[in-house]
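Trainee:
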Amino acid sequence: MNWIILIIAGLFETGFATCLGKAQETSGKESIYWWFGFFLCLFTSMFLMFKATSGQDGLPIGTAYAVWTGIGAVGGVIVGIFIFKEPATFWRLFFVFTLIASIVGLKAVSH
Numbered sequence: 024m025n026w027i028i029l030i031i032a033g034l035f036e037t038g039f040a041t042c043l044g045k046a047q048e049t050s051g052k053e054s055i056y057w058w059f060g061f062f063l064c065l066f067t068s069m070f071l072m073f074k075a076t077s078g079q080d081g082l083p084i085g086t087a088y089a090v091w092t093g094i095g096a097v098g099g100v101i102v103g104i105f106i107f108k109e110p111a112t113f114w115r116l117f118f119v120f121t122l123i124a125s126i127v128g129l130k131a132v133s134h
């Protein structure tokens with residue numbers, strides 16, 4: 024169950040990065056909504072990360088943090104490509120897939 028919570032926390036990390044980018048692109052009332060989304064996603068991500076790593080059955084913090092930030096990084100690149108129209112070069116995608124393989128490897132070797 025902690026792995027599922029951690030994955031959801033990583034998705035919320037992608038959410039707060041997306042909201043931050045959109046808040047910087049907009050102005051007025053729309054910007055306020057994006058800032059609200061940023062803080063909501065930030066709090067939720069941190070809370071879920073805490074839940075996944077706390078307690079006797081909690082995940083090891085080193086592995087959990089690497090997976091959490093990895094999910095956020097991969098999600099940030101995907102959002103950047105599809106929402107913010109950033110380039111999807113071969114090397115960029117190559118290293119994203121390398122990062123995904125590393126995340127899966129960490130999960131496979133952790134207890």
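Using this note's numbering, the letters of the sequence shown correspond one by one to residues 24 to 134. Every residue, glycine too, gets a C-beta built ideally from N, C-alpha and C.
Excluding the five sequence neighbours on either side, which residues of its own chain have a C-beta within less than 7 Å of the C-beta of Gly-44, listed in chain order?
Mentor: The answer, listed in chain order, is Phe-107.
Trainee: Taking 8 Å as the threshold (C-beta atoms), are Ala-87 and Leu-34 in contact?
Mentor: The Cβ-Cβ distance between Leu-34 and Ala-87 does not fall below 8 Å.
Trainee: Please report how far the alpha carbon of Ile-123 lies from the alpha carbon of Gly-93, in whole angstroms.
Mentor: If you take the alpha carbons of Ile-123 and Gly-93, they lie about 7 Å apart.
Trainee: How big is the Cα-Cα spacing for Ile-126 and Glu-48?
Mentor: So the two alpha carbons sit approximately 31 Å from each other.
Trainee: Closer than 8 Å, CB to CB, is Leu-122 near chain D or not?
Mentor: Looking for chain D here will not work: only one protein chain is present.
Trainee: Answer with buried or exposed for Leu-82, where buried requires no fewer than 16 other C-beta atoms within 10 angstroms of its C-beta.
Mentor: buried
Trainee: On the three-state DSSP scale, how would you describe Gly-85?
Mentor: helix
Trainee: Could you tell me the alpha carbon to alpha carbon distance between Asn-25 and Lys-74, rounded to whole angstroms?
Mentor: 8 Å
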